[in-house]
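Participant: Shown below is the structure under consideration.
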Amino acid sequence: MSAPTASRLDTVKVATGVLGPTLAGGVIKRRPKVMRLLEKVQADTSAVQIMQDLRAKYDVPLLRLAVPGRSFALVLSADEVGHVLAESPEPFSPANLEKRRALDKFQPHGVLISEGGARARRREFNEKALETPQPLHHLTPLVIERVRQEVAALPTSGVLDWDQYATVWWRIVRRIVLGDSARDDETTTDLLGRLRLSANWSYLSPRHAGLQERVLGRLRGHLKRAEEGSLAEVIARTPKTEDDDPASQVGHWLFAFDAAGMVAFRALALLATHPHARQLAIEEAPSTPDLPYLRASILDTVRLWPTTPAILRDTTKEVEGLPEGTGILVYTPFFHRDDQNLPYAHSFAPEIWLDGRAQQNPALVPFSAGPGECPARNLVLMVTSILLAALMESRDYLLTSGQRLGPAHKQPSTLDNFGLTFSVRPKR
């Protein structure tokens, strides 16, 4: 049975109300000015409503869009999300056309855009280096030390804004990934940011081969040094082939850590405005690195504001009435904020990740799911929860930028992390 095709009008609604704002905000690297506007108009509210209307109208798990020159389909059911993500890389390949054209700008051999044997090898390399199954990477004690050292540089009183926070965040990330001597190498991450901004345009942007080689060359220099206590050292002793191109994998790790930093800052805003959650987090902080509530807080922050709003797959053969090469879109805000099915859709609810409710819903996918799930999931949760614990151990935070995030409010559908500001004071 073939999946039905949306009307042209409905396709236009998806293009302008769902895809348009998502692309404008920057899928590969967020655009701060656009994010400010998207928060102002609460763009995801109307996008989720469009998706709910399509589900009610067509009542199918997959809906094709009337897109000229490209076969494309939307996932409209939670069970279908689970099915598509579980059946990767065959017949639903993570190496989607649009994704390949975007990511090859800065990670030409990244695992997400690899196929066949190359994908299997690179995935294995990533999982070994990142210790994917382990809740705590063996570098955890050094991560704690580095996080606490860098957090100590933040003000204990006064104002904390995104720029101050991001400076500290990237120092932490560079030390963890590349080594302590890379702490102040803002040039590498800034150049990578330029490539990622260009990658927002996918196949519409030029390759910037010279800039790409400059970034990869700088990353290879750090990896060659293989500084003790860094992921670069782990890479040096992880089995690999030259074709695996570790610098490409690290380019993706840094991309992922950018999103993780956004999540942690948003999570701090939620904890600052939810007294009960804040108290639980403060009580848990001394138990670093075993921080289940803070990890759950990170997970629910990603549920509320997904850093990957568009999970993409391409069919590798005809399947479910869709021709080979069909692009599949899982629009995660639709499923994460589906107030027609989730009683906690617009609430900050870390407890759903602790009591099993989240795991029972195949469409709650903060780190994707299935064979294509982010191999750095546990590493990211470890680093961000340790960061939150360090931030909250000796400081109190008051959100001063005006967003209404408390438990008495529906959480906004769109939250501009760049605009968050806090008043900080020493903990009493």
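Sequential numbering of the sequence shown, starting at 1, is according to the UniProt record's numbering. In this text, a Cβ means the ideal position worked out from N, Cα and C, and glycines have one as well.
1. Could you give the DSSP three-state label for Pro343: helix, strand or coil?
2. For Thr11, which residues of its own chain have a beta-carbon under 7 angstroms away from its beta-carbon, when the five flanking residues on both sides are left out?
3. So, for Ala296: in the same chain, excluding its five sequence neighbours on each side, which residues have a beta-carbon less than 6 angstroms away from its beta-carbon?
4. What's the call for Asn341, buried or exposed, on a 16-neighbour Cβ count within 10 Å?
5. Strictly by DSSP, which residues pair up with Phe72?
6. Under three-state DSSP, which class holds Phe265?
7. Is the distance from the Cβ of Pro306 to the Cβ of Thr332 below 8 angstroms?
8. Go through the segment 350-401 residue by residue and report every complete run of the beta strand (DSSP E) that reaches 3 residues or more, in order.
9. List the endpoints of the continuous beta strand (DSSP E) containing Ser423.
10. Buried or exposed: which applies to His137, given that a residue is buried once 16 or more other Cβ atoms fall within 10 Å of its Cβ?
11. Kindly indicate which three-state DSSP category Arg122 falls into: helix, strand or coil?
12. Provide the residue(s) that pair with Val159 in DSSP beta bridges, ordered along the chain.
13. From the DSSP output, which residues share a beta bridge with Ala310?
14. Assess contact between the segment 156-170 and the segment 191-201, defined as three or more Cβ pairs (one per stretch) separated by less than 8 angstroms. Is contact present?
15. Within 10 angstroms of its Cβ, does Lys99 collect 16 or more other Cβ (buried), or is it exposed?
16. Given a cut-off of 8 angstroms, decide if Ala247 and Leu197 are closer than it, judged by their beta-carbon atoms.
17. Using a 10 Å radius around the Cβ and a threshold of 16 neighbouring Cβ atoms, would you call residue 432 buried or exposed?
18. By how many angstroms is the C-alpha of Pro286 removed from the C-alpha of Glu393?
19. Per DSSP, which residues does Gly248 bridge with? Please list them.
20. Ignore the nearest five residues each way along the sequence and tell me which others in Val151's own chain have a CB closer than 8 angstroms to its CB.
21. By a C-beta neighbour count over all protein chains shown, 10 Å radius and 16 as the cutoff for buried, is Thr16 buried or exposed?
Facilitator: Let's see:
1. Within the sequence shown, residue 343 is the residue found at index 343, counting from 1. Three-state DSSP puts Pro343 in coil, outside helix and strand.
2. For the purposes of this step, residue 11 is taken as residue 11 along the sequence shown, with counting starting at 1. Cβ neighbours of Thr11 beyond the five flanking positions: Leu65, Ala66, Val67.
3. Sequence index remark: in the sequence shown, residue 296 carries index 296 (1-based). Correct list, in chain order: Pro350, Trp353, Leu354.
4. Taking the sequence shown and counting its residues from 1, one reaches residue 341 at position 341. So Asn341 counts as exposed.
5. Reading the sequence shown from its first residue, position 72 is the one you call residue 72. DSSP lists Leu65, Gly327 as partners of Phe72.
6. The residue given as residue 265 occupies position 265 in the sequence shown. In this structure, Phe265 counts as helix in the three-state DSSP scheme.
7. In the sequence shown, residue 306 corresponds to position 306, counting from 1. In the sequence shown, residue 332 corresponds to position 332, counting from 1. In this structure, Thr332 lies closer than 8 angstroms to Pro306 by Cβ.
8. 395-399
9. Residue numbering aside, residue 423 sits at position 423 when the sequence shown is read from its first letter. Run containing Ser423: 421-426, per the beta strand (DSSP E) assignment.
10. Within the sequence shown, numbered from 1, the residue matching residue 137 stands at position 137. Buried.
11. Here residue 122 refers to the residue found at position 122 of the sequence shown. Note: Arg122 maps to helix in three-state DSSP.
12. Residue mapping note: residue 159 aligns to position 159 of the sequence shown, counting from 1. Beta-bridge pairing links Val159 to Ser423.
13. Stepping through the sequence shown from its first residue, residue 310 is reached at position 310. Partner(s): Tyr331.
14. no
15. Stepping through the sequence shown from its first residue, residue 99 is reached at position 99. Buried is the call here.
16. In the sequence shown, counting from the first residue as 1, residue 197 sits at position 197. In the sequence shown, counting from the first residue as 1, residue 247 sits at position 247. The answer is no: Cβ separation not under 8 angstroms.
17. This structure leaves residue 432 out entirely; the chain is present only between 1 and 428.
18. Along the sequence shown, read from residue 1 onward, the residue named residue 393 stands at position 393. Along the sequence shown, read from residue 1 onward, the residue named residue 286 stands at position 286. Distance between the alpha carbons of Glu393 and Pro286 is about 8 angstroms.
19. Indexing the sequence shown from 1 puts residue 248 at position 248. Here residue 248 turns out to be Ser, not Gly, going by the sequence shown. The partner list for Ser248 (beta bridge, DSSP) is empty, contrary to what the question assumes.
20. Indexing the sequence shown from 1 puts residue 151 at position 151. Only Val168, Leu387, Ala390, Leu391 meet the Cβ criterion.
21. Start at 1 with the first residue of the sequence shown, and residue 16 comes out as number 16. Classification of Thr16: exposed, given that the 10 Å Cβ count is below 16.
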